[in-house]
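Encoded as structure tokens, the structure appears first; notes follow it.
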Amino acid sequence: MRLRSLSALVSVFVLSVLLTGCDDNKSQTRNGDAGSSRPSILLIVADDLGYSDIGPFGSEISTPNIDALAAEGVTLTQFHVFPNCGPTRGAMMTGVDPHRAGLGGNPEVAADNQKGQPGYEGHLRSDVVTIAELLRDAGYHTYMAGKWHLGLEPENNPHRKGFDRSFVLLRGAGNHYDDQGLFKETPISLYTENGSPASWPRGSYSTDLYTTKLIQYIEENREDNRPFFALATFTSPHWPLQVDQRFWKKYENRYDQGYEDLRKKRMNSLKRAGMIPQDAVMPAWHPRVKPWDSLTSEEQRREARKMELYAGMVDNLDYNIGRLIDYLKDIGEYENTLIVFMSDNGAAAEDFYHHSHYGPFIRTHFNEDYESMGDADSFISYGSQWAEAGSAPFSYFKGYPTEGGMVAPMIMSGPGVRRSNEIHHGFLTLVDLAPTFYEIAGTRYPDRFLGRRTYPLKGKSLVPFLEGSTGRVHDENYVFALEHGNMAMLRKGDWKLTNIQRPLDASNFKLFNISADLGEQNDLKEQEPQIYAELLAEWEAYAKQARVQVPPPGME
Numbered sequence: 015m016r017l018r019s020l021s022a023l024v025s026v027f028v029l030s031v032l033l034t035g036c037d038d039n040k041s042q043t044r045n046g047d048a049g050s051s052r053p054s055i056l057l058i059v060a061d062d063l064g065y066s067d068i069g070p071f072g073s074e075i076s077t078p079n080i081d082a083l084a085a086e087g088v089t090l091t092q093f094h095v096f097p098n099c100g101p102t103r104g105a106m107m108t109g110v111d112p113h114r115a116g117l118g119g120n121p122e123v124a125a126d127n128q129k130g131q132p133g134y135e136g137h138l139r140s141d142v143v144t145i146a147e148l149l150r151d152a153g154y155h156t157y158m159a160g161k162w163h164l165g166l167e168p169e170n171n172p173h174r175k176g177f178d179r180s181f182v183l184l185r186g187a188g189n190h191y192d193d194q195g196l197f198k199e200t201p202i203s204l205y206t207e208n209g210s211p212a213s214w215p216r217g218s219y220s221t222d223l224y225t226t227k228l229i230q231y232i233e234e235n236r237e238d239n240r241p242f243f244a245l246a247t248f249t250s251p252h253w254p255l256q257v258d259q260r261f262w263k264k265y266e267n268r269y270d271q272g273y274e275d276l277r278k279k280r281m282n283s284l285k286r287a288g289m290i291p292q293d294a295v296m297p298a299w300h301p302r303v304k305p306w307d308s309l310t311s312e313e314q315r316r317e318a319r320k321m322e323l324y325a326g327m328v329d330n331l332d333y334n335i336g337r338l339i340d341y342l343k344d345i346g347e348y349e350n351t352l353i354v355f356m357s358d359n360g361a362a363a364e365d366f367y368h369h370s371h372y373g374p375f376i377r378t379h380f381n382e383d384y385e386s387m388g389d390a391d392s393f394i395s396y397g398s399q400w401a402e403a404g405s406a407p408f409s410y411f412k413g414y415p416t417e418g419g420m421v422a423p424m425i426m427s428g429p430g431v432r433r434s435n436e437i438h439h440g441f442l443t444l445v446d447l448a449p450t451f452y453e454i455a456g457t458r459y460p461d462r463f464l465g466r467r468t469y470p471l472k473g474k475s476l477v478p479f480l481e482g483s484t485g486r487v488h489d490e491n492y493v494f495a496l497e498h499g500n501m502a503m504l505r506k507g508d509w510k511l512t513n514i515q516r517p518l519d520a521s522n523f524k525l526f527n528i529s530a531d532l533g534e535q536n537d538l539k540e541q542e543p544q545i546y547a548e549l550l551a552e553w554e555a556y557a558k559q560a561r562v563q564v565p566p567p568g569m570e
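Going by our numbering, the letters in the sequence shown line up with residues 15 to 570, in that order.
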């Protein structure tokens with residue numbers, strides 16, 4: 015039977031630990047017996063999944079397993095992540111700002127004056143603590159399978175960051191069928207298992223393999239009656255778009271009317287599903303998107319196939335989520351497992367096949383022939399056009415600090431989630447996950463860890479909200495900000511500053527009221543000078559605290 019109250023259960027565990035004492039350098043002493051009654055946690059992270067790409071958010075793609083999680087739990091329509099995978103994963107693993115975690119930006123795109131600077135190390139800093147470290151010390155098994163992207167060096171491996179068992183892709187992307195590298199710096203994709211170099215099992219597909227590994231890890235220790243924290247960081251539906259025909263063929267001819275048509279349909283579906291206001295307006299397209307009618311018939315055929323492949327990858331992702339759910343049910347752990355599903359950022363618009371730096375290596379090892387699209391030797395990206403369709407009703411996509419780059423689909427279901435089949439529109443952030451998991455596990459975030467002073471958590475526990483004792487998590491004074499890729503944003507209440515011009519200059523911030531303007535189309539800087547000044551002062555304070563490094567002109 016599903017646990018009725020997390021807080022009551024956790025209180026009993028915390029009391030038992032307090033009576034036995036607590037090490038100043040640890041979050042909690044290990045305690046397998048006391049841990050047996052606490053819920054397990056399964057965090058599922060999709061890679062570059064767009065806002066409206068799953069059923070609960072109005073998608074035409076078949077996602078019955080994700081749909082079922084939404085029906086049993088709460089769907090969050092204003093869950094904010096960061097605009098790219100590295101910063102999101104750094105903040106997700108630590109509960110602090112990406113700059114504090116060492117991931118102010120993806121290391122591959124850092125400006126020259128940012129590389130090596132505090133906050134831009136490109137790996138988790140030694141003075142932050144991961145969820146896996148604290149939950150392991152609290153008696154949890156800790157497992158991970160999928161994409162890491164938080165450092166290539168042995169000391170930055172998940173094996174050294176709190177995970178008992180792990181099988182991970184160290185770089186930000188890989189071929190889905192083998193270990194053929196995508197970057198000349200790593201011509202063979204780098205994988206490790208439990209900290210040691212690992213090879214790709216012949217004949218495996220990425221999402222299938224990561225699921226199998228995670229099930230294997232849970233199975234190995236399930237008899238000892240200890241809860242687990244399992245992190246599934248899938249690389250789907252990240253480019254290159256590759257998937258078996260049995261998943262994409264069902265979407266054949268579904269997208270022949272083009273991305274403009276899909277965007278309109280997604281927008282209407284989101285409204286019908288209650289995800290966005292009925293008066294939400296379609297934002298302008300990104301300048302580099304060509305009108306569908308301007309394409310030749312051959313170009314339209316290729317474009318439609320791209321989206322068919324993408325839909326097939328999302329379909330396969332849902333299939334593997336179903337495998338995890340079925341396994342947990344089979345072993346009797348489903349009712350005692352909090353399941354969190356999310357995407358790491360907005361839909362991806364990159365096309366590295368034609369990129370000036372990455373393209374030559376990719377074109378040497380892959381092709382984009384129509385006949386082989388989706389196969390292991392093909393490299394296909396669906397580009398800005400389909401990414402904007404998947405980002406409806408927001409503006410732009412991954413990489414931008416607009417809502418389209420950083421509002422992600424989010425679902426929570428399981429013990430303590432008493433908001434069954436509910437849609438919630440309140441503002442939430444990625445850094446709220448860590449304090450939530452700590453409260454669920456009955457542990458505390460320490461002032462010191464392994465002899466080092468820790469930086470305070472940025473977020474707030476969602477447990478009271480999930481149990482229904484409060485209707486909101488953050489008040490109108492909560493400030494959420496970021497700098498990434500020499501662009502920036504700051505959110506306070508319904509107001510948002512957005513700056514997408516390079517080089518980053520404070521005078522280029524625009525002001526939007528997100529509650530009335532989801533697409534960030536109406537700049538209110540001139541109409542609301544007091545609010546603009548207030549938020550600009552908040553930005554200056556954040557930039558100083560986060561040690562934001564603004565590249566000078568010519569280095570952006």
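Where a beta carbon is used, it is the ideal one built from N, C-alpha and C, also for glycine.
From a predicted model like this one, the values you see are computed outputs, not experimental measurements.
| Query | Result |
| --- | --- |
| Distance CB(residue 452)-CB(residue 142) smaller than 8 Å | no |
| Own chain, CB closer than 7 Å to residue 538, minus 5 neighbours either side, in chain order | 525, 526, 527 |
| Residue 513 in three-state terms, based on DSSP | strand |
| Spatial neighbours of residue 522 in its chain, beta-carbon cut-off 7 Å, leaving aside the 5 residues before and after | 513, 515 |
| Residue 221 (DSSP reduced to helix, strand or coil) | helix |
| Residue 497 - DSSP class collapsed to helix/strand/coil | strand |
| Inter-residue Cα distance where the pair is residue 258 and residue 546 | 50 Å |
| Beta-carbon gap between residue 323 and residue 255 smaller than 8 Å | yes |
| Range of the contiguous beta strand (DSSP E) that encloses residue 202 | 200-202 |
| N-terminal and C-terminal residue of the alpha helix (DSSP H) that residue 331 is part of | 311-344 |
| Alpha-carbon spacing of residue 157 relative to residue 304, whole angstroms | 44 Å |
| Residues bridged to residue 60 (per DSSP) | 357 |
| Opening and closing residue of the beta strand (DSSP E) in which residue 182 lies | 179-183 |
| Assigned exposure category for residue 160 - 16 Cβ within 10 Å defines buried | buried |
| Whole-angstrom C-beta distance between residue 356 and residue 588, which should lie under 8 Å | Past the boundaries of the shown model lies residue 588; the chain is included only from 15 to 570, so the question cannot be answered. |
| Host alpha helix (DSSP H) of residue 399 (start-end) | 397-404 |
| Among 104, 278, 187, 232, nearest to residue 579 - alpha-carbon criterion | There is simply no residue 579 to check, as the chain begins at 15 and stops at 570 in what is shown. |
| Beta-ladder partner(s) of residue 157, from DSSP | 179, 244 |
| Nearest-angstrom Cα separation, counted from residue 151 out to residue 229 | 22 Å |
| Stretch-stretch touch, CB-based, cutoff 8 Å, three pairs: the region 84-101 with the region 410-421 | yes |
| Top-ranked residue by Cα proximity to residue 359, from 331, 101, 273, 124 | 101 |
| Cβ contact check for the region 182-193 and the region 209-219: 3 or more pairs under 8 Å | yes |
| Rounded Cβ spacing between residue 57 and residue 477 (contact assumed at less than 8 Å) | Not a contact, Cβ separation roughly 15 Å. |
| Same chain, Cβ closer than 7 Å to residue 106, five either side skipped, listed in chain order | 444, 447 |
| DSSP beta-bridge partners of residue 525 | 511 |
| Residue 476: first and last residue of the uninterrupted beta strand (DSSP E) it sits in | Unbroken run through residue 476: none, as it is neither H nor E. |
| Where residue 123 falls, given that 16 or more other Cβ within 10 Å makes a residue buried | exposed |
| Residue 498, buried or exposed, once every other Cβ within 10 Å from all chains shown has been counted against 16 | buried |
| C-alpha distance - residue 390 paired with residue 300, whole-angstrom precision | 30 Å |
| Simplified DSSP state of residue 422, which is helix, strand or coil | strand |
| Beta-carbon gap between residue 407 and residue 71 smaller than 8 Å | no |
| Neighbourhood of residue 596 by C-beta distance below 6 Å, restricted to the same chain and skipping five residues each side | In this structure the chain extends from 15 to 570, so residue 596 is not present and cannot be described. |
| Distance, residue 434 Cα to residue 285 Cα | 20 Å |
| Close beta carbons around residue 440, own chain, < 7 Å, minus the five adjacent residues each side | 92, 486, 487 |
| Span of the beta strand (DSSP E), counted from its first residue to its last, around residue 212 | 210-212 |
| Cα-Cα separation between residue 244 and residue 272, rounded to whole angstroms | 38 Å |
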